[in-house]
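Asker: In our numbering, the protein residues as written are 12 to 120.
(1) With a CB to CB cut of under 6 Å and the five nearest residues on each side skipped, what residues in its chain are close to residue 90?
(2) Where does the unbroken beta strand (DSSP E) through residue 108 begin, and where does it stop?
(3) Using only the alpha-carbon positions, how far apart do residue 53 and residue 75 sit?
(4) When the distance is taken between beta carbons, is residue 100 closer than 8 Å to residue 9?
(5) From the DSSP output, which residues share a beta bridge with residue 58?
(6) Under a Cβ-count criterion, where at least 16 other Cβ atoms within 10 Å of its own Cβ denotes burial, should residue 82 be classed as buried or exposed?
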């Protein structure tokens with residue numbers, strides 16, 4: 012229930028960030044620095060991107076933006092499905108495996 016989750020927020024916020032999420036966040040920071048050294052471009056986070064179809068479409072529709080597809084499942088990220096299954100990940104997009112809520116915590120720090 013929402014009340015149960017609200018009660019656990021303090022415990023969650025003080026819990027350690029999973030190692031793979033921390034590494035993914037560091038990778039994103041390095042990639043963003045290379046993609047846009049000025050730090051001025053718009054960044055689109057595709058949280059829970061699954062097979063990354065939405066990430067590829069967002070990147071194609073927003074070529075001047077940095078698009079980051081995040082999913083906790085390496086298996087889903089490695090699958091190519093949908094009408095764009097053969098499309099490569101565009102240069103303005105990055106796919107990372109991370110625990111979403113922890114990634115957001117790092118992003119907001």
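Heads up, the beta-carbon is just placed ideally off N, CA and C, and yes, glycines get one too.
The model shown is predicted, which means the values in this text are computed figures rather than measured ones.
Answerer: Result, derived from the coordinates:
(1) 62
(2) 104 to 108
(3) 8 Å
(4) Absent from the structure is residue 9, since the part of the chain shown begins at 12 and ends at 120.
(5) 81
(6) buried
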